Amino acid sequence: MKKRSTFGSRFGTIVVVGGSVVGLGNIWRFPYIAGENGGAAFVFIYILISLMISVPIMLSEFAIGRSTKRNALRAFKKLSDGGWWHAVGYLGIATAFVILAFYCVIAGWTMEFIRESVAGSFIGSDSATIKANFDGFVASGWKPVVWAGVFVGLNTLIVMAGVEKGIERYNKILMPLMFLILLGLAINSVTLSGFADGVRFLWNPDFSKISLNVIMEALGQSFFSMSLGMGTMITYGSYINRRENMFRLAGTVAVSDVVVAILAGLAIFPAVFSFGISPTSGPELVFLTLPNIFAQMAGGYFISILFFLLLFSAAITSSVSLMEVVVAYACEEFRISRRMAAMMASATVAVLATLCAVSQMPDSALTVGGLNLFDFFNNVSSDYMLPIGAFMIVIFAGWKMSRQVFANELTNGATVGMRIYTVLRPMIRYVIPLVIAMLFLSGLGLLTL
Ligand code: PHE
């Protein structure tokens, strides 16, 4: 058998895993979900969940992946000697398609915004023009479809090139740059008239706003943002070097994820209040607020080009990790070439993404239960698919996988993080599955808390 890929270095590992985690989830999804769920109270719960619940889930996925060095489906088969556990792998593959379908549409938007930035169309525009422009773009139907197609194509090229030569090399340069620009934009917010309101919205929690719904949204958003509950971290885990300290890796990645999301919030909410945009604008929020800042800011022309380029980069380093789940599975299970697997997966994604983009046109008939297909995929993945997947993964890690293998894998043969492990084990076995199950059941109305 061909030697399996491994990430080349520690820095490489952090940026590739970080590249998957940091993406549209932080900069596009986090601000608008926070906006719709009341701001600071949501942010507070989100941070709590990310550190207490998501980090242990990430470690469970790493352990499953690295101990088997297999794709997300085969890993379950290998660790469970038959049975039906690999169904969790199938769920993961289905989730990857559902997420990619709308993810590629938003990533396509970032490319349109790169084009508009280069054309200088934001400079000097007022917020009404910016909004009209955006609505026209989405309503055209064909423009978002074309961009989504271009994005899927680029994705395919990177995945075809393989893990180390494609994904790793590219991430090393782009991730640090992304971080710096976002920091700059957040600092620039101080100059906006809505700065105080924006910060208050993000930081002064009104705890009476915390409802079951807010907690569920925070849970789903955290899983989405940390790429959990669908096998991405199992697949990437299978490429992690045996000597890597996975506690440190998961901790670093989780903190980066939260920090980037907060920075995005700091860049966006002051603008929301300065330019009279509603914090509940939904998926358009970032695409409406930031152009207003660029329109006014010194050097806005160049900064907007750079920003959307980086947003695009953040998107592509995440979308390849979604695609990799499918491709690793297809080429290992059906013994087809990586190239072939990538092309087949992309063709499927291209069709789904087209449907999602078209469903956003006004009066589109592509709806499921009153939501257009885009919103439906976007909601169903974070509200149901990822929490169910994550639940199954922790149950598997805590109850089904051999205790010895699990402990050895996380502690590198009892050489690192022994104390953390002692706390982690009961979290994974009892606390986390219970919390997810209780939230989930009460969300469905089957349990009253
Ligand atoms: N975490 C990515 C983001 O924040 C999205 C993603 C979800 C990637 C699930 C892989 C798996 O944009």
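For the sequence shown, position 421 (counting from the first letter as 1) is numbered 423 according to my numbering, and the numbering increases by one without interruption. Here a beta-carbon is modelled for each residue, glycine too, at the ideal position from N, C-alpha and C. Since this is a predicted model, take the numbers as computed values, not measurements.
Residue i Cβ short of 7 Å to the ligand PHE heavy atom set
i           : result
residue 237 : no
residue 162 : no
Those residues which DSSP pairs with residue i across a bridge
i           : result
residue 369 : 374
Nearest-angstrom Cβ-Cβ length linking residue i and residue j, presumed shorter than 8 Å
i           : j           : result
residue 100 : residue 387 : 7 Å
residue 242 : residue 64  : 6 Å
residue 82  : residue 407 : The Cβ separation is near 12 Å, so there is no contact.
residue 359 : residue 29  : Their Cβ separation, rounded to whole angstroms, is 20 Å, which puts residue 359 and residue 29 out of contact at 8 Å.
residue 467 : residue 39  : Since the first residue of the chain shown is 3 and the last is 451, residue 467 is not available in this structure.
residue 52  : residue 256 : 6 Å
residue 129 : residue 35  : With 8 Å as the limit, residue 129 and residue 35 do not qualify as a contact, their Cβ atoms being about 22 Å apart.
residue 361 : residue 22  : That belief does not hold up - the Cβ atoms of residue 361 and residue 22 are roughly 26 Å apart, past 8 Å.
residue 347 : residue 325 : 6 Å
residue 273 : residue 247 : Not quite, the Cβ-Cβ distance comes to about 39 Å (not below 8 Å), so this is no contact.
residue 132 : residue 139 : Residue 132 to residue 139, Cβ: 11 Å. No contact.
residue 305 : residue 299 : 7 Å
residue 331 : residue 95  : 6 Å
residue 221 : residue 441 : 6 Å
residue 238 : residue 323 : 7 Å
residue 264 : residue 287 : Rounded, the Cβ-Cβ distance is 16 Å, inconsistent with contact.
Residue i Cβ short of 7 Å to the ligand NAP heavy atom set
i           : result
residue 101 : Only the ligand PHE can be found as ligands here, which leaves the ligand NAP out of the picture.
Please confirm if the segment 55 to 70 is in contact with the segment 352 to 366, defined as three or more CB-CB distances below 8 Å between the two stretches. no
Give every residue whose Cβ lies closer than 6 Å to any heavy atom of the ligand PHE, listed in chain order. 22, 23, 25, 26, 27, 28, 101, 226, 227, 229, 232, 234, 320, 323, 324
Inter-stretch contact (C-beta, 8 Å, three-pair minimum) for the segment 406 to 416 and the segment 192 to 212: no
How do the segment 171 to 185 and the segment 17 to 29 stand: do at least 3 beta-carbon pairs fall below 8 Å, yes or no? yes
Touch check for the segment 36 to 45 and the segment 423 to 431: three-plus C-beta pairs under 8 Å? no
Does the segment 107 to 125 come within contact of the segment 143 to 151, defined as at least 3 CB pairs closer than 8 Å? yes
Three or more C-beta pairs under 8 Å: does that hold for the segment 87 to 94 against the segment 230 to 241? yes
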